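Top to bottom, those sequences are chains B and F. Just so you know, we're using the working numbering here: the first sequence kicks off at 1 and counts up by one. Just so you know, we're using the working numbering here: the second sequence kicks off at 1001 and counts up by one. Heads up, the beta-carbon is just placed ideally off N, CA and C, and yes, glycines get one too. Being a predicted model, the structure only gives us computed values, none of them experimental.
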Amino acid sequence: MDFERIFASYNYWIISVLMLVGVYGMMAKRNLLKKLMGMNILQVGVILFYLTFSPKKGGILPVLEESIGPELDAYANPLPQALMLTAIVVGVATTGVALALLIRIHRRHGTLEEDEILEKLR
Amino acid sequence: MIQPAAPLWIIVALFVGALALPLVRRLSARAVLPTALLFSTLAVAASLRTAHLVFALTEAGEGALSHHLGGWPPPWGIELRVDNLSAVMVLLVNLLSWLVLLFSHRGLPERLKSRAHFFYSLYLLFTMGMSGFVMTGDLFNLYVFLEVIALTGYALVAVGDPEAPFAAFRYVIIGTLGAAFYLLGLAYLYGLTGSLNFVDVARQVALLEGPEAQRALLVALAFLVTGFGIKAALFPLHAWLPDAYAYSPNVTTALMGAVGIKMGAYGIFRVLYTLYRVGPAGDYSAVLDLMGWLSALAIIIGSLLAIAQTDLKRMLAYSSVSQIGYVLLGFSLANDDGLTGGVLHMINHAVMKCALFMVTGAIVTRLGHRDIRRFDGLGRHLPFTMAAFGVASLSMVGIPPTAGFFSKWYLVLGAVEGGRWPFVIIILASSLLNAIYFFRILERAFFKERVDPTPTEAWVSKIKPLPGTMLLPVGVATLAILILGLGSFPIVEHVIGPIVRPALGLILP
């Protein structure tokens, strides 16, 4: 095993674990709120994955610096951050819709456990 | 270069309409639907203009119409890139959306009438999302529109029956998983190419070499196809669909069932044939094979589950699972006839399902239920509606000269050409299965007397003829099925040919 290489790419490991935790939560948890939390964790994983493309060695904030000039390698890539800002907004909206639905479900069924709701729907 | 703004106007009209409706409601509740129809009509006009421009460009041998948003040229800015496929899809979305809007005048449940402005606002946003989704030339913009479709779609489902929020929540969870997979696949492509523009990414993907890049491309392809597969309800990722359709309001189902899941199919087409340019013997044939077999399973299992249903809407939902299988089966064949069949079926099935779900809505309005076992003698009371149902059913089964026959014909030709004999058998066998679940309804409606004697009098007097705003859209959709069928050869020649040939790299210039 090439441990050095594995440790060097620690960010990918963290992201993979986050995404797996998220998908596990969405699929295996029987409580609807926990499913929603799994969904959010998955989204955070994807967002971090994009942000991984952003920094550069020795790069600074992507704001034009007079002393450096338009030197591409000197700045971090701002595009993934801009994209993920949009993705975060979308994620917030999705969470909002999902929470509103959970309120409606709880009012009707009095529980958020999927099994109990399915039992009542039979 | 002249940049016609017609594609942008489609999005602007629908978006402004969606924002205007709650304001209009403050002035007059009765003006809500006419206003929605007005903005929808504007969008239809703009899509007709767009389609006209695009078809003229195609005839002249140019590929696509491109509008640079904000004047930033691609690949830096976001572009709206409308080729033949986009033009056909945007036209389909807006025309069907307009029809269903007309239908909704009487088709909307009483419960929603007091808050109709919010419903129509979401409805227009849903249409806007789909219009933007099929026109954009930017991969991240595609994600944003995908989520606009999804978010409005969840809400439109949730306002249905009392059980609808639960179905909608499951749809949220699995739909977001699909969107996250798409975003993840896109991350790989962005990391590999540094670009988000369709044309630019496709050009760079073709240039990438070496085993590591190939592996990354394959992973990206798997995520992208799975993500869109969830949105398209490809078996076995279809679990959200039957509940979401069965509990949503009939107006929602008529639009979502018609074009909603086609968005996933459109996305898969774009990924396979615009970004990756897959061929039948290329590097990605394993992905195509897998998709082909899943589609074949979807066709059979969807049909069998449809036969098992007694609820008309749930039956149509499972039928959608089966029909999307035909579309993706066509895409997986990666040859001329197969793709033609897939794209043609995407159009035909949208019109057929729109007609069928509107008929379902009409039946529910009059009967108050959708239990197939209680449809005996319905043909005598709703002759026009059930005739429309008959035509749409024949088309679903694939009997000439209705539209459904021709798309299946091309699919069979494509399967033969690709040497996929199991698929040929599956397509033919599934027609029989379709016939079982549609003809049993026609038999009940037209050839059975009403046996239940007790409430006959009350029952018959209760059934009034349907209002014109319901019959007209149903009639138009039914007519469209016949026109699409009878005119299928010119459509294939002039509209679908220019989609399929460049997708397979067969274009001459």
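Taking CB distances under 8 Å as the criterion, tell me whether Lys35 of chain B reaches chain F.
Yes, its Cβ sits closer than 8 Å to a Cβ of chain F.
Answer with yes or no whether the minimum CB distance from Ile124 of chain B to chain F is below 8 Å.
As displayed, chain B neither begins before 1 nor continues past 122, which places residue 124 of chain B out of reach and without an answer.
List the residues of chain B that Glu1147 of chain F touches, going by C-beta distances under 8 Å, in chain order.
Chain B residues near Glu1147 of chain F: Val90, Ala93 and Thr94.
Write down the C-beta distance between Ile1268 of chain F and Phe1228 of chain F rounded to the nearest angstrom, noting that I regard them as a contact closer than 8 Å.
Right, the Cβ-Cβ distance comes to about 5 Å (below 8 Å), so this counts as a contact.
By Cβ distance, which residues of its chain are closer than 7 Å to Val1474 of chain F, with the 5 residues on each side in sequence left out?
Here the set comprises Ala1355, Met1358, Val1359, Ala1362, Thr1385 and Ala1388.
Could you have a look at His1494 of chain F and say whether DSSP puts it in helix, strand or coil?
Three-state result, His1494 of chain F: helix.
Would Phe3 of chain B be called buried (16 or more neighbouring beta carbons within 10 Å of its own) or exposed?
It counts as exposed.
With DSSP run on the structure shown, which of helix, strand or coil describes His1052 of chain F?
It is helical.
Quick one: give me the first and last residue of the alpha helix (DSSP H) that Val1205 of chain F is part of.
From DSSP, the alpha helix (DSSP H) with Val1205 of chain F extends over Phe1198 to Leu1207.
Does any residue of chain F have a CB that is nearer than 8 Å to the CB of Ala98 of chain B?
Yes, contact with chain F.
Would you list, in chain order, the members of the stretch 1236 to 1262 of chain F that have their beta-carbon closer than 8 Å to a beta-carbon of chain B?
If the cut-off is 8 Å between Cβ atoms, the stretch 1236 to 1262 of chain F has nothing near chain B.
Using only the alpha-carbon positions, how far apart do Leu1472 of chain F and Leu1378 of chain F sit?
Taking the straight line from one Cα to the other gives about 19 Å.
Spatial neighbours of Leu1085 of chain F within its chain, please: C-beta separation below 6 Å, excluding the five flanking residues on both sides.
Excluding residues within five positions, the ones whose Cβ falls inside 6 Å are Ile1499.
Identify the continuous beta strand (DSSP E) that holds Arg1065 of chain F and give its terminal residues.
The sequence shown places Leu at residue 1065 of chain F, rather than the Arg named in the question. Segment Leu1065 to His1068, the beta strand (DSSP E) holding Leu1065 of chain F.
Once DSSP output is grouped into helix, strand and coil, what is the label at Val1100 of chain F?
Here Val1100 of chain F sits in helix by DSSP.
Report buried or exposed for Thr1310 of chain F, applying the criterion of at least 16 other Cβ atoms within 10 angstroms of its Cβ.
It is exposed - the Cβ of Thr1310 of chain F has fewer than 16 other Cβ atoms within 10 Å.
Since Leu1482 of chain F contacts Thr1402 of chain F with CB under 8 Å, what's their CB separation in whole angstroms?
With a Cβ gap of about 7 Å, Leu1482 of chain F and Thr1402 of chain F count as contacting.
Using DSSP with H/G/I as helix, E/B as strand and the rest coil, what is Val1082 of chain F?
Residue state, collapsed to three classes: strand.
Touching or not, the stretch 1488 to 1498 of chain F and the stretch 1253 to 1267 of chain F, by the rule of three or more beta carbon pairs under 8 Å?
Output reads no: the stretch 1253 to 1267 of chain F does not touch the stretch 1488 to 1498 of chain F.
Is the separation between the beta-carbon of Ile1261 of chain F and that of Gly1175 of chain F shorter than 8 Å?
Not in contact: Ile1261 of chain F and Gly1175 of chain F (Cβ atoms no closer than 8 Å).
Would a C-beta distance cut-off of 8 Å place Gly1338 of chain F and Gly1325 of chain F closer than the cut-off?
Not a contact, by the Cβ cut-off of 8 Å.
If you measure beta-carbon to beta-carbon, which residues of the stretch 7 to 25 of chain B are closer than 9 Å to chain F?
Listed by position along the chain: Met19, Gly22 and Val23.
Using only the alpha-carbon positions, how far apart do Leu1442 of chain F and Ala1179 of chain F sit?
Computed Cα separation, rounded: 39 Å.
Could you check if Lys35 of chain B belongs to the surroundings of the ligand FMN, using beta carbon to heavy atom distance under 7 Å?
By its list of ligands, the structure shown contains no ligand whatsoever, and the ligand FMN lies outside what it can speak to.
By alpha-carbon positions, which one of F:Trp1009, F:Val1351 and F:Phe1126 ends up nearest to Val1044 of chain F?
Per the Cα distances, F:Trp1009.
Does any residue of chain C bring its CB to less than 8 Å from the CB of Glu1163 of chain F?
The structure shown contains no chain C; its protein chains are B and F.
Go to Glu71 of chain B, then tell me how far its alpha helix (DSSP H) extends in each direction, as first and last residue.
That residue, Glu71 of chain B, is in no alpha helix (DSSP H); it is neither H nor E in DSSP.
How big is the Cα-Cα spacing for Ser67 of chain B and Val23 of chain B?
For Ser67 of chain B and Val23 of chain B, the distance between alpha carbons rounds to 46 Å.
Determine which residues share a DSSP beta bridge with Thr1136 of chain F and list them.
Partner(s): F:Leu1080.
Closest to Phe1103 of chain F by CA distance: which of F:Asn1250, F:Tyr1276, F:Val1054 and F:Gly1390 is it?
The shortest Cα separation from Phe1103 of chain F among F:Asn1250, F:Tyr1276, F:Val1054 and F:Gly1390 belongs to F:Asn1250.
Determine, using beta carbons only, whether Met1135 of chain F and Val1090 of chain F come nearer to each other than 8 Å.
Contact flag set, yes.
In three-state DSSP terms, what is Ser1461 of chain F?
At Ser1461 of chain F, the pLDDT of 49 sits below 50, so the modelled position is not reliable and the matter cannot be decided from this model.
Measuring only between beta-carbons, confirm whether Val44 of chain B sits less than 8 Å from chain F.
Chain F contact via Cβ: absent.
So, are the CB atoms of Tyr1273 of chain F and Tyr1284 of chain F less than 8 Å apart?
Going by C-beta atoms, Tyr1273 of chain F is not nearer than 8 Å to Tyr1284 of chain F.
Using a beta-carbon distance below 8 Å, is Tyr1190 of chain F in contact with chain B?
Chain B contact via Cβ: present.
Nearest chain F C-beta to Ile117 of chain B closer than 8 Å, yes or no?
By this cut-off, Ile117 of chain B is an interface position.
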